[in-house]
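Contents: one structure, followed by commentary.
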Amino acid sequence: MEEHIGKIADVPEGEARRLEVAGLPVCVVNLGGKGFRAIGGLCSHAKAPLHEGEVNAEDETIECPRHGAVFDLNTGRPRSLPATVPVVAFVVRAEGDDIVMEMSRGDA
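So the sequence shown is residues 1 to 108, counted in this note's numbering.
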């Protein structure tokens, strides 16, 4: 099952935005030529909003704005402390002008 969760124009290249899917916060990231990624919207360490963090498009990561934990945007796994628990990773893609998410979880 798929759901259109937002517009491509709403997530500028190299940035992240918070979208709500089924009432849950999701961090959607535009990696430019690498496409879109989506992970759970809150850091697993201190529940900070991940969309406010710094995106590294080359490494395909996002850094939590509160304590600096770095999360892999493909798997949701933390790459650095203080986070040790992964966040959910979702499968997303661009389709026309929309960002589309598969409603089943990716590898987390």
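Cβ coordinates follow ideal geometry from the N, Cα and C atoms, glycine included.
If you reduce the DSSP assignment to three classes, tell me which class residue i lands in.
i: GLU58; result: coil
i: GLY6; result: strand
i: GLY40; result: strand
i: GLU15; result: coil
Less than 7 Å between the CB of residue i and some heavy atom of the ligand MN, yes or no?
i: ASN56; result: Ligands in the displayed structure: none, and consequently the ligand MN is not present.
Start and end of the beta strand (DSSP E) containing residue i?
i: LEU30; result: The residue you asked about is not Leu; residue 30 is Asn in the sequence shown. Run containing ASN30: 24 to 30, per the beta strand (DSSP E) assignment.
i: ASP119; result: Here the chain covers residues 1 to 108 and nothing more, so residue 119 does not appear.
i: VAL70; result: 70 to 72
At the level of alpha carbons, what is the spacing between residue i and residue j?
i: ILE99; j: LYS47; result: 25 Å
i: GLY112; j: LEU50; result: Nothing about residue 112 can be read from this structure; the chain reaches only from 1 to 108.
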